[in-house]
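Asker:
Numbering (mature numbering (1 follows the signal peptide of the UniProt record, and there is no 0)), first residue to last: -16 to -1, 1 to 165.
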(Lines of atoms letter the chains of each structure in order from A and count residues from 1; the text may use other names and numbers.)
(Lines give C-alpha, C1' and ligand atoms only; values in the text may rest on other atoms or scores of the structure.)
Protein backbone atom coordinates (compact mmCIF):
# COMPACT_ATOMS: atom_id res chain seq x y z
CA UNK A 1 0.00 0.00 0.00
CA UNK A 2 2.83 2.38 0.90
CA UNK A 3 4.50 1.74 -2.49
CA UNK A 4 1.24 2.60 -4.29
CA UNK A 5 0.99 5.90 -2.41
CA UNK A 6 4.61 6.77 -3.23
CA UNK A 7 4.09 5.92 -6.92
CA UNK A 8 0.89 7.98 -7.07
CA UNK A 9 2.65 10.93 -5.42
CA UNK A 10 5.57 10.73 -7.85
CA UNK A 11 3.21 10.46 -10.82
CA UNK A 12 1.25 13.50 -9.61
CA UNK A 13 4.45 15.52 -9.22
CA UNK A 14 5.69 14.52 -12.66
CA UNK A 15 2.32 15.28 -14.24
CA UNK A 16 1.98 18.71 -12.62
CA UNK A 17 5.59 19.91 -13.02
CA UNK A 18 5.74 23.14 -15.01
CA UNK A 19 7.60 23.12 -18.31
CA UNK A 20 11.07 24.60 -17.93
CA UNK A 21 11.38 28.06 -19.51
CA UNK A 22 15.19 28.35 -19.52
CA UNK A 23 17.07 26.51 -22.28
CA UNK A 24 20.67 26.32 -23.41
CA UNK A 25 21.48 25.54 -27.03
CA UNK A 26 24.28 23.26 -28.20
CA UNK A 27 26.55 26.29 -28.71
CA UNK A 28 25.96 27.52 -25.16
CA UNK A 29 23.47 30.31 -25.84
CA UNK A 30 20.87 30.84 -23.15
CA UNK A 31 17.20 31.36 -24.06
CA UNK A 32 14.07 32.11 -22.05
CA UNK A 33 10.79 30.88 -23.58
CA UNK A 34 7.58 32.43 -22.24
CA UNK A 35 4.74 30.35 -23.61
CA UNK A 36 2.09 30.61 -20.89
CA UNK A 37 1.68 34.34 -20.30
CA UNK A 38 0.93 36.59 -23.28
CA UNK A 39 2.34 40.07 -23.96
CA UNK A 40 2.27 42.61 -26.77
CA UNK A 41 5.58 43.13 -28.59
CA UNK A 42 6.58 46.15 -26.50
CA UNK A 43 5.81 44.38 -23.22
CA UNK A 44 7.71 41.30 -24.43
CA UNK A 45 10.73 43.52 -25.17
CA UNK A 46 10.47 44.96 -21.66
CA UNK A 47 10.12 41.48 -20.11
CA UNK A 48 13.34 40.42 -21.84
CA UNK A 49 15.14 43.57 -20.66
CA UNK A 50 14.03 42.78 -17.10
CA UNK A 51 15.95 39.50 -17.47
CA UNK A 52 19.01 41.30 -18.92
CA UNK A 53 18.15 39.76 -22.28
CA UNK A 54 16.61 40.86 -25.60
CA UNK A 55 13.89 39.45 -27.82
CA UNK A 56 15.40 36.78 -30.03
CA UNK A 57 17.13 37.77 -33.25
CA UNK A 58 16.67 34.93 -35.75
CA UNK A 59 19.32 36.24 -38.12
CA UNK A 60 20.56 32.95 -39.54
CA UNK A 61 19.27 29.59 -40.69
CA UNK A 62 21.43 27.99 -38.00
CA UNK A 63 19.76 29.96 -35.20
CA UNK A 64 16.28 29.33 -36.65
CA UNK A 65 17.05 25.59 -36.59
CA UNK A 66 18.38 25.78 -33.02
CA UNK A 67 15.23 27.48 -31.72
CA UNK A 68 12.96 25.16 -33.71
CA UNK A 69 14.84 22.24 -32.12
CA UNK A 70 14.53 23.62 -28.58
CA UNK A 71 10.79 24.20 -29.05
CA UNK A 72 10.24 20.78 -30.63
CA UNK A 73 12.19 18.98 -27.90
CA UNK A 74 10.62 20.76 -24.92
CA UNK A 75 7.04 21.61 -25.84
CA UNK A 76 4.12 19.45 -26.89
CA UNK A 77 3.25 21.78 -29.75
CA UNK A 78 4.97 24.44 -31.77
CA UNK A 79 4.69 27.92 -30.31
CA UNK A 80 3.82 31.28 -31.78
CA UNK A 81 6.17 33.90 -30.35
CA UNK A 82 7.49 37.41 -30.85
CA UNK A 83 10.99 38.02 -32.12
CA UNK A 84 13.03 41.24 -32.23
CA UNK A 85 12.21 42.38 -35.78
CA UNK A 86 9.83 45.21 -36.67
CA UNK A 87 9.24 47.94 -39.24
CA UNK A 88 8.15 50.65 -36.81
CA UNK A 89 10.97 53.04 -37.77
CA UNK A 90 10.47 52.85 -41.55
CA UNK A 91 7.33 51.23 -42.93
CA UNK A 92 8.00 48.06 -44.95
CA UNK A 93 11.68 47.97 -43.90
CA UNK A 94 12.05 45.33 -41.21
CA UNK A 95 15.06 45.66 -38.94
CA UNK A 96 16.31 43.87 -35.84
CA UNK A 97 15.67 45.97 -32.73
CA UNK A 98 18.80 44.45 -31.21
CA UNK A 99 21.19 45.60 -33.95
CA UNK A 100 19.29 48.03 -36.17
CA UNK A 101 20.26 45.91 -39.19
CA UNK A 102 17.88 45.16 -42.05
CA UNK A 103 16.93 41.47 -42.17
CA UNK A 104 19.37 39.52 -44.33
CA UNK A 105 18.12 36.03 -43.42
CA UNK A 106 14.33 35.56 -43.57
CA UNK A 107 11.88 32.71 -43.13
CA UNK A 108 8.68 34.33 -44.40
CA UNK A 109 5.51 32.29 -44.74
CA UNK A 110 3.73 32.34 -48.09
CA UNK A 111 2.25 35.78 -48.85
CA UNK A 112 4.23 37.35 -45.99
CA UNK A 113 4.97 40.00 -45.15
CA UNK A 114 1.54 41.19 -46.22
CA UNK A 115 1.99 44.72 -44.83
CA UNK A 116 -1.59 44.86 -43.61
CA UNK A 117 -2.50 47.95 -41.62
CA UNK A 118 -0.74 47.91 -38.24
CA UNK A 119 1.28 44.74 -39.01
CA UNK A 120 4.65 46.07 -37.89
CA UNK A 121 6.14 43.37 -35.61
CA UNK A 122 7.34 39.88 -36.49
CA UNK A 123 6.38 36.53 -35.04
CA UNK A 124 7.05 32.91 -35.80
CA UNK A 125 3.86 30.99 -36.47
CA UNK A 126 3.11 27.85 -34.48
CA UNK A 127 2.13 25.56 -37.33
CA UNK A 128 5.18 26.18 -39.53
CA UNK A 129 7.77 28.17 -37.60
CA UNK A 130 7.68 30.62 -40.49
CA UNK A 131 7.49 34.37 -40.06
CA UNK A 132 4.49 36.68 -40.23
CA UNK A 133 4.13 40.41 -39.77
CA UNK A 134 1.47 41.08 -37.15
CA UNK A 135 0.03 43.94 -35.06
CA UNK A 136 2.51 44.79 -32.28
CA UNK A 137 -0.35 45.18 -29.80
CA UNK A 138 -1.45 41.53 -30.11
CA UNK A 139 -0.74 39.30 -27.11
CA UNK A 140 1.66 36.38 -27.70
CA UNK A 141 4.44 34.45 -26.04
CA UNK A 142 8.06 35.38 -26.69
CA UNK A 143 11.65 34.10 -26.68
CA UNK A 144 14.51 36.08 -25.09
CA UNK A 145 18.22 35.53 -25.61
CA UNK A 146 21.37 36.85 -24.04
CA UNK A 147 22.78 39.60 -26.23
CA UNK A 148 26.05 37.78 -26.89
CA UNK A 149 24.08 35.22 -28.92
CA UNK A 150 23.11 37.63 -31.69
CA UNK A 151 25.25 37.35 -34.82
CA UNK A 152 26.84 40.71 -33.97
CA UNK A 153 29.21 38.78 -31.73
CA UNK A 154 30.97 37.50 -34.84
CA UNK A 155 33.00 40.66 -35.17
CA UNK A 156 30.63 43.35 -36.39
CA UNK A 157 31.17 45.34 -33.20
CA UNK A 158 33.70 45.27 -30.41
CA UNK A 159 32.28 44.62 -26.92
CA UNK A 160 32.21 48.31 -25.95
CA UNK A 161 30.61 49.26 -29.23
CA UNK A 162 28.05 46.48 -28.87
CA UNK A 163 27.03 47.89 -25.51
CA UNK A 164 26.67 51.41 -26.99
CA UNK A 165 24.63 50.06 -29.90
CA UNK A 166 22.28 48.14 -27.60
CA UNK A 167 21.75 51.24 -25.46
CA UNK A 168 20.92 53.24 -28.60
CA UNK A 169 18.35 50.69 -29.74
CA UNK A 170 16.92 50.34 -26.24
CA UNK A 171 16.31 54.10 -26.23
CA UNK A 172 14.54 53.76 -29.59
CA UNK A 173 12.40 50.91 -28.25
CA UNK A 174 11.58 52.84 -25.07
CA UNK A 175 10.45 55.73 -27.28
CA UNK A 176 8.25 53.33 -29.23
CA UNK A 177 6.83 51.89 -26.01
CA UNK A 178 4.99 55.10 -25.20
CA UNK A 179 1.38 54.14 -24.60
CA UNK A 180 1.85 50.53 -25.72
CA UNK A 181 2.82 49.28 -22.25
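Backbone N, C-alpha and C fix where the C-beta goes; we use that ideal spot for every residue, glycine too.
Just checking, does the segment 3 to 14 make contact with the segment 52 to 71 on the three C-beta pairs under 8 Å criterion?
Answerer: As far as the Cβ criterion goes, the segment 3 to 14 touches the segment 52 to 71, which means the pair count is three or higher.
Asker: On a Cα-Cα basis, can you pick out the residue from 128, 134 and 132 that is closest to residue 15?
Answerer: Out of 128, 134 and 132, 128 has the C-alpha closest to the C-alpha of residue 15.
Asker: From residue 130 to residue 36, what does the alpha carbon distance come to, in whole angstroms?
Answerer: Their Cα atoms are separated by approximately 7 Å.
Asker: Cβ of residue 125 within 9 Å of Cβ of residue 18?
Answerer: Yes. Within cutoff.
Asker: Can you tell me whether DSSP reads residue 40 as helix, strand or coil?
Answerer: Of the three classes helix, strand and coil, the one that applies to residue 40 here is coil, per DSSP.
Asker: With a threshold of 7 Å on Cβ separation, who are the neighbours of residue 62 within its own chain once the five nearest residues in sequence on each side are excluded?
Answerer: For residue 62, where only same-chain residues beyond five positions count, the Cβ hits under 7 Å are 55, 110, 111 and 113.
Asker: Can you have a look at residue 21 and say buried or exposed, based on whether 16 or more other CB atoms are within 10 angstroms of its CB?
Answerer: Its Cβ having fewer than 16 others within 10 Å, residue 21 is exposed.
Asker: Put residue 124 into one of helix, strand or coil per three-state DSSP.
Answerer: Residue 124: strand per DSSP, three-state reduction.
Asker: Within this structure, are the beta carbons of residue 106 and residue 95 separated by less than 9 Å?
Answerer: Result no, Cβ atoms of residue 106 and residue 95 do not sit closer than 9 Å.
Asker: Out of 38, 45 and 30, which one is the CA nearest neighbour of residue 83?
Answerer: Residue 38 is the option with its Cα nearest to residue 83.
Asker: Let's test the definition: count the other Cβ atoms within 10 Å of the Cβ of residue 132 and tell me whether it reaches 16, buried, or not, exposed.
Answerer: Per the 10 Å Cβ criterion, exposed.
Asker: Is DSSP giving residue 175 helix, strand or coil here?
Answerer: Look at the range of the chain in this structure, -16 to 165, and you will see that residue 175 is not part of it.
Asker: Going by C-alpha distance, which of 85, 66, 65 and 67 is nearest residue 74?
Answerer: Nearest of 85, 66, 65 and 67 to residue 74, Cα basis: 85.
Asker: Taking residue 79 and residue 115 to be in contact with their CB atoms under 8 Å, please state how far apart those CB atoms are, rounded to whole angstroms.
Answerer: Not really, about 14 Å apart at Cβ, beyond 8 Å.
Asker: Going by DSSP in three states, residue 63 sits in which element: helix, strand or coil?
Answerer: The answer is coil: DSSP assigns residue 63 none of H, G, I, E or B.
Asker: Would residue 97 and residue 123 qualify as a contact pair, given that the criterion is a beta-carbon distance under 9 Å?
Answerer: Their beta carbons are not under 9 Å apart, which means residue 97 does not touch residue 123 by this criterion.
Asker: Give the straight-line distance between the Cα atoms of residue 104 and residue 48, rounded to the nearest whole angstrom.
Answerer: Taking the straight line from one Cα to the other gives about 20 Å.
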